[in-house]
Every structure is written in structure tokens, then in C-alpha cells.
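Those protein sequence lines, which keep their order, are chains A and B. This note's numbering puts the first sequence at residues 98 to 522. This note's numbering puts the second sequence at residues 98 to 522. Here a beta-carbon is modelled for each residue, glycine too, at the ideal position from N, C-alpha and C. Scroll down for the structure; my scribbles are underneath it.
2 protein chains.
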Amino acid sequence: MTELAAQRTHVVVVGGGYAGTLAANHLRQRRDIDITMVNPRPVFVERIRLHQLVADTGVATADYATLLGDGVRLMVDTVGHIAIAGRRVLLASGAALDYDYLVVATGARHSYFGNPEWEAWAPGLKTLEDALEIRRRVLLAFERAEREPDPVARQRHLTFVIVGGGPTGVELAGALAEIRRFALKRDFRHIDPRDATVMLLEGGPRILPSYPPHLSQKAKETLRSLGVDVRTETLVTAIAAGEVNAAGWRIPTDTVIWAAGNQASPLVRSLGCPTDRAGRALVEPDCSIPGHRELFVIGDAAAFTHDPDAKLLPGTSPVAMQQGRYVGDMILADVADRTRRPFRYHDKGQLAVIGRGHAIADLKRVKLTGLVGWLVWIFIHIFYLIGFRNRAVVMLEWAWSYLTFQRGARLITGTWSPAQDQGLA
Amino acid sequence: MTELAAQRTHVVVVGGGYAGTLAANHLRQRRDIDITMVNPRPVFVERIRLHQLVADTGVATADYATLLGDGVRLMVDTVGHIAIAGRRVLLASGAALDYDYLVVATGARHSYFGNPEWEAWAPGLKTLEDALEIRRRVLLAFERAEREPDPVARQRHLTFVIVGGGPTGVELAGALAEIRRFALKRDFRHIDPRDATVMLLEGGPRILPSYPPHLSQKAKETLRSLGVDVRTETLVTAIAAGEVNAAGWRIPTDTVIWAAGNQASPLVRSLGCPTDRAGRALVEPDCSIPGHRELFVIGDAAAFTHDPDAKLLPGTSPVAMQQGRYVGDMILADVADRTRRPFRYHDKGQLAVIGRGHAIADLKRVKLTGLVGWLVWIFIHIFYLIGFRNRAVVMLEWAWSYLTFQRGARLITGTWSPAQDQGLA
Chain A
98 MTELAAQRTH VVVVGGGYAG TLAANHLRQR RDIDITMVNP RPVFVERIRL
148 HQLVADTGVA TADYATLLGD GVRLMVDTVG HIAIAGRRVL LASGAALDYD
198 YLVVATGARH SYFGNPEWEA WAPGLKTLED ALEIRRRVLL AFERAEREPD
248 PVARQRHLTF VIVGGGPTGV ELAGALAEIR RFALKRDFRH IDPRDATVML
298 LEGGPRILPS YPPHLSQKAK ETLRSLGVDV RTETLVTAIA AGEVNAAGWR
348 IPTDTVIWAA GNQASPLVRS LGCPTDRAGR ALVEPDCSIP GHRELFVIGD
398 AAAFTHDPDA KLLPGTSPVA MQQGRYVGDM ILADVADRTR RPFRYHDKGQ
448 LAVIGRGHAI ADLKRVKLTG LVGWLVWIFI HIFYLIGFRN RAVVMLEWAW
498 SYLTFQRGAR LITGTWSPAQ DQGLA
Chain B
98 MTELAAQRTH VVVVGGGYAG TLAANHLRQR RDIDITMVNP RPVFVERIRL
148 HQLVADTGVA TADYATLLGD GVRLMVDTVG HIAIAGRRVL LASGAALDYD
198 YLVVATGARH SYFGNPEWEA WAPGLKTLED ALEIRRRVLL AFERAEREPD
248 PVARQRHLTF VIVGGGPTGV ELAGALAEIR RFALKRDFRH IDPRDATVML
298 LEGGPRILPS YPPHLSQKAK ETLRSLGVDV RTETLVTAIA AGEVNAAGWR
348 IPTDTVIWAA GNQASPLVRS LGCPTDRAGR ALVEPDCSIP GHRELFVIGD
398 AAAFTHDPDA KLLPGTSPVA MQQGRYVGDM ILADVADRTR RPFRYHDKGQ
448 LAVIGRGHAI ADLKRVKLTG LVGWLVWIFI HIFYLIGFRN RAVVMLEWAW
498 SYLTFQRGAR LITGTWSPAQ DQGLA
């Protein structure tokens, strides 16, 4: 196989989230492999920490140049079309990339359960823009309340409703409770931000349904101690200007945040492979799509149904990261002419962070809550989850800003532009 | 005046609340004065502790025989008519009482601000029956929730709304939070009583509006720490079967408790004297009605507008008790042919009890909150507010049952009958 090994293999990775970044990272030190990553911006966004950005208690980004180094060519662009038969990706800018292997890791967007009109009132939290938009709305709501003479309108401004009690909703609720309790305490004269209402509405019987029941209970108690009104079995039936209707309640509010449903990126449907109801590619046991061993779909864009312990692997960062490393391995196996093994998910547990100093950790063997859970979360972040270059530099900065409450002021100035992105690097 | 002093003077006191009981108590050891007290039941109900009866954390009654002894003749009856010109009181039973002095201390009932139909959905807390009815509704709501398969209906059963953020509403909210947190914790299998929602709706900008603002704030924080959803500037606009509407919110609930407005007893209007909008007698500086020095109206039934520090004295137990003692004094002054002095209210402060171990005390010089406030409340109750016979026996029993959480089980068995009243004595 030596003559083949001398040939260079081109791997194109679409999407620089947990899955795509880990795939690129796994391959980047091989001299016989060229890697091109296509992502709309040059910074990696740590999605599972976006809620902290909303509360302005941490920086959730790092530039790919720092993370991945020179081994990966980054194209700040989006994909216009994938010509599967010709193994070519056409970018929005007009550029074309020919590939030997394509890794589609474009993630998911929110799904409004057949009510797309709700999106106008209830943005979700998936991207950095989402986090900044939510932060902007929340700050604006406090400012409007400060100037509002009508008490009913003032209360509506100060009511924040989060729809969906999964990890994103729970962490967002904790973040908003924190904004209310600490960050804003001294900034207003006419309102007391502690009077703001933060409601977390969950349609099912408990929040964090993927966790063991006693940890759901603990999370509920923690949120309540932070002043969050946690309402389970409260299915949203309508969202319109100024109000949410759920389980018979009408809640006047100007700020609704959606954390309830996911839909895979539309690019997945364009591949023409079988998908599930959420638009995720139904992948083979090796994460490729049927009939195309060279085309992998991983992370939230994929539905992996071959796990012996789960009907469907959850849309979490550990699954995404393990699949990223796995497809890197399988490409190396192909290059070395080894047989592919099927993907196996190693469930190391789950973590949810609720405000400063509280976390709910389900580490399979040990269940942790409170401060211990939170310290474990920091520890895992630094030494386990983010397992690549310069982790010490990046993570210690994050941990420091989190612990010291240092504000990421440069992040809250408005919408993103490429120039601003560069400034962050 | 010696021949006049030998004549016996007959004082009739209508109503055995704080005002009437203190008036009778003040006169009872005088051999030249006969006292008849008319009250629908033979037990004194400590109204400011009725909220504890709702939470079943204390006994709020004591029989008049123990409190006042033989010096007062008690007629368990109600007044049908007062013939002012003939100085005669006709009772519902048909008996007639001729008087030299009449003390009308019939208190107040709830006022629904022109929406009398709300009373069907939202009972108030003024009498022992009210307390037992509210307690019955709350316990029934938990039991219904336990058996309810529909989650939306279950939540409605478990939502308790208190309208009015004065002392009664605040103390009731604390009592319901306590029911939820402690008393019921182990009694249910299908529901967690801690999931119950307790909302306190206040139309004005702060709860306990008669207290200094920082104590209102402290009370709000204490209630929130007990898990009560305190909503100010939230005016109720409609109460109907299964819901309350307030400030744009629709709150599905089967249990609404009214603590928002007062209306003097209808007997006051029948006196034909000037009244204010709440139906209270506009009394003279000596608490008598114009043209009738022998007819006093005191306590919540009266509007006293001659105080140099207040436009109108509040409807509180200290005002009632001081007026009770005062009219006793003035009757003694008349008998001794001394000149009457005008009534002056001595404001010793205010106290509100929020759950077990929290109280808000505004004692003019010292403002107390938390455990200290609560201990002061107990102390004042035992040694100051209840300043009559057998106080040690009665109050230590109350304090003991409060501290030990002993249940007043005999009080929760149903509606009152005279036989049951006797059983309590």
C-alpha cells in the first residue's frame, strides 16, 4: 500500500461544531491528509456554554487557528450544493472543493413543532448570534421596564419565559436568574431586577428528562432556589405578541426563548439519503450514508440508530465529539486499508450547569449536584471534553473569566461581522 | 354623686373581637357596672392568628369564660335591631337588653370592590369558619390533585392564589407555603406538594403598604424564599370558575382566597349615623356617634378620623384594643362624673408573621425581621397584646402548639355548631 500512502487524501469537513472540529483535529497531524474545514466564521463556538454568554459570565469562543493550528485549512464560507456523484462541494462564494471524504457536521436548528410563526417571538439558542440576540433582548427588556410608566407593561417587560426543560432550557434559566440576581443589581433606579419573573415551561413531567429522576428533582429545586418558576406538564399552545399560552395559563411577556425542539440543517435533506422526522440523516453503523462510504454525517445532523443501549443517540456534545474522532479514525483506517469497525458511543455521563456554583452531573457511576458537580464540570471541561491543542490557555481563560465574573464586553456590542470575528481571534 | 354611684350601670357590648373583649375586660371588675356581651359564639377568636389555623400550626381560640371570668354576662346570640331612642337591643332569639351604654364592635367583612359574585370563588379570612373553610379547600385541592389523571387539571388544583398583600394576605401566603413545605410532605404518593404554586397578588406597588418600604421588601424576600410567587401591581380584573385574571395574566386555579378589602358590618348602617364608603361609622373624637354619647362604635366598624398623625386609623387589632380600653375608661369617667378626653392612638408598631420562624416587625424605634422579629412577636403576644386574665395559661398553650407543630385536629372536623363550640371551652 506504500504507493497509495504517498497519495494525498483530501478530507472536507462542513461545520465547525464539536463533531466537525474533533474530526479535523483527529486528522490534522497526518502529512498524507489535507483537511479543509468550511464554517461561516473563523471562531469555534462552544455551544454548550452559550447560556453563559447570555448571562455574560464567560467567553464561549476560541479561534480555530489557535485550536487546530496550521494543519487545517479553514474556509469562512457556507455550502451551496454538494454534488455527491462528482465528490465536489460548491461554496456560496463560488469556490469548489473536490474531496475524497466529506464529513457533514452541520448540526441542527430549532423546531417549532409545526408552528414556524412562533420563531418571530421566541428565538432559540444554537449560535453565537442567538446568544447575543437573547442577551440583547433581555437587557433591552430591563431597560424598557426601567422607562415604562405603566405597571402592567413593566411587568410584561420583566417576565422571561423559557420553553423547554432540557439542558439548554435549564442552563438558560439559571443564566437568566443570575443576570437578575447579580449582574444587574446596581444598574437600575426605577425597577428591581430581582422582581423579574423567569419561568421555565416543560411539556413533560420533569425537566432534564434524559437524567435520572432524582437529578431532575435536584435541578428543579436548585432553579427554584434561584427564583426560577419551574412549571412541568405545561405544554405551550400559543405564542404571540406579548404573551405565551400554556396549560391554561396566559403569561404576558415580551421575551420568550425557545429551547424545546431540534431540526437538522436543511443541507442534510439535500443529500437525498433517508432522514428521520427531525430531518437527520439515518446513517449506517459507520456514520456514512447508504451507498456512500466516503460521505459521513455526524453530530446533531445525524440519527444514529445502531447503538445497543439506545434507540437513538442523543444530540449532545459527547456524542458529537466521539463521532468526530471516530470518522477521523475510519478515514485513517481506509487509508491504511484496515477494516472499519462500527461506531460505539461511550456514555461518560451528563452535566448541566445551573447558575454560578451549581451543576447537575450524571457521571453514570457517581451522581453529583451543587458545588461539587460544578467543580467536576469545570474539571471535565478543561481536561477531558476539550481535548486539543492549547487547551490550557483557552480553558484557563474561560475558567478565569467565569470565576471572576469578568465581562466579555467586546462580545455584546451588536451583530457579528467578519471584521469583528477577526478581532476576537 | 354618691347616690348616683350606688345605681348600677348596664353596658352592652356587641361583638367579642379585640375591641369588644377589651372593653368588657376593662369594666368587668367594677361592682357598680353590669356588662353583657353579645357574640355569636362563646369562644374568642384571635383573628390575627387565623392564618395559623389554616396551616394548622396553632390554636387561635379561647373561651370567654376563661378570658373574662364571671364579671361579664355572655349571650351567645346576634343582634336583630338597635332601638337607639329607647336604648334597647333586640336579639335574634327575641330577648331584649336595655342599656345605659352600648358598645358596637361588630367588625368588618370582606368587600369585593363591587364584584360580589367573586365571593363564591374567593372566600375571605375573617372568622373561624372562614379559616376552617379555607383549610378544607386547600386540603381538598391537594387530595383532588392526588387523584387527578389530567396534568393540566392537576396543576390547577395545586395553584393557590391569595388576593391582597396586606398583613392577612402575607400571613396566609406564609401559612400556605408552610402547609406545602412541611405538613403535607409525607402524605401523598402521586403529587409532590412542593410543586404547588402559591401566588400573592397585590394591586399596589408593594406588599404590607402600611409598613416602611424596606420591611415590605424584606417581607417579599422572605415569602420568595418560602417559594411564594409575590406579584405586585397586579390588580385582579376577573375571578371565575377555575381561573383568576390579573394584570393580563390568566391563572388557572381552583383555590382563590380574598384578603383585599373590608366592609363594616351591616349593623353599623342601621344606626343611621354618618358612615364612610366602607360602611364604617364616622365617630366623634370620643368614639361615640354624633348626638349619642352613650353609643360607641369601635374597632373595624368605626372610622376614626381625628388622629393628628393619620387621616384614618387602620383596621388593626392594636387600634381595636386601645379603643376598647378607651371606651371602658370613658364609661368609668362618666360614672365618676369626670370629663371625657378624646381618644388618642398610641402606635406601638406592627407585626406580620410569615411562616414558622419569620416575622416582620415595625416597632417604630426598632425594625425587626426574621427570627428576632418572630420571637418579639411571640413575646408581645404573651405579655402585651393579650393583657387579660389567664394569659399565661392561654398563651403558653398557643406558643407551645405553635412551637411544637402540634395539630389542632379537633378544629378541622367540619362546620361549627354550638355543641362543638362548647367542646372547645
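Annotation: ALA356(A) is outside any alpha helix (DSSP H) and is labelled neither H nor E by DSSP. Taking C-beta separations shorter than 7 Å and ignoring five residues to either side along the sequence, the partners of PRO415(B) in its chain run LYS445, following chain order. The C-alpha of THR158(B) is placed about 33 Å away from the C-alpha of ASP431(B). The way I'd put it, the segment 225-243 of chain B does touch the segment 252-265 of chain B; three or more beta-carbon pairs between them come closer than 8 Å. Among the CB atoms of chain A, none fall inside 8 Å of the CB of GLU243(B). Between the C-alpha atoms of ASP195(B) and ARG184(B) there is a straight-line separation of about 6 Å.
Judged by DSSP in its simplified three-state form, PHE401(A) adopts coil rather than helix or strand.
Contact annotation: GLY112(A) and ALA205(A) have beta-carbon atoms that are not nearer than 8 Å. Taking a beta-carbon distance threshold of 8 Å, ALA270(A) does not count as an interface residue toward chain B. Of the candidates ASP289(B), PRO264(B) and THR265(B), the residue whose Cα lies closest to the Cα of ILE276(B) is ASP289(B).
In this structure, the beta-carbon distance from TRP218(A) to ALA338(A) falls below 8 Å. For the pair LEU273(A) and ILE386(B), the Cα-to-Cα distance works out to about 58 Å. The segment 274-307 of chain B is shown to contain whole beta strand (DSSP E) runs of 3 or more residues at 294-298, in chain order. Using a Cβ-Cβ distance cut-off of 8 Å, the segment 296-303 of chain B and the segment 321-334 of chain B are in contact, since at least three pairs of beta carbons, one from each stretch, lie closer than that value. In this structure, DSSP gives TYR209(A) a state outside helix and strand, which the three-state scheme calls coil. GLY396(A) is a Cβ neighbour of GLN420(A), given a cutoff of 8 Å. Distance from the CA atom of THR175(A) to the CA atom of THR413(A), rounded to whole angstroms, is 23 Å. Annotation: Cβ neighbours of PRO349(B) in chain A (cutoff 9 Å, chain order): ALA344, GLY345 and TRP346.
LEU379(B) is a Cβ neighbour of THR402(B), given a cutoff of 8 Å. For HIS178(B), the beta-bridge partners assigned by DSSP are LEU187(B). In this model, GLY369(A) and GLY271(A) are separated by some 40 Å (Cα to Cα). Runs of beta strand (DSSP E) with 3 or more residues, each lying fully within the segment 109-151 of chain B, are found at 130-136 and 140-142, listed in chain order. Contact residues of the segment 421-437 of chain A toward chain B are absent (C-beta to C-beta distance below 9 Å).
Per DSSP, the unbroken alpha helix (DSSP H) holding TYR161(B) starts and ends at 161-165. Taking CB atoms only, GLU330(A) has a neighbour in chain B less than 8 Å away. Taking C-beta separations shorter than 8 Å and ignoring five residues to either side along the sequence, the partners of PRO137(B) in its chain run VAL173, ASP174 and THR175, following chain order.
GLY324(A) reaches chain B at ARG321, counting residues in chain order whose Cβ is nearer than 8 Å. Assignment of ASP383(B) by DSSP, reduced to helix, strand and coil, places it in the coil class. Note: ASP227(B) is not bridge-paired with any residue in the DSSP secondary-structure output.
Residue burial is scored here from C-beta neighbours: GLY191(A) has fewer than 16 other C-beta atoms within 10 angstroms and is therefore classed as exposed.
C-alpha of THR350(A) to C-alpha of GLY345(B): approximately 10 Å in a straight line. Along the segment 220-252 of chain A, going in chain order, the ones with a CB nearer than 7 Å to a CB of chain B are PRO248, VAL249 and GLN252. Just measuring C-alpha positions, the residue of TRP355(B), ARG441(B) and HIS443(B) sitting nearest ILE231(B) is TRP355(B). Just so you know, the alpha carbons of VAL341(B) and PRO246(B) end up roughly 23 Å apart. For THR256(B), the uninterrupted beta strand (DSSP E) run begins and ends at 256-260, by DSSP. DSSP, read as helix, strand or coil, puts TYR423(A) in helix.
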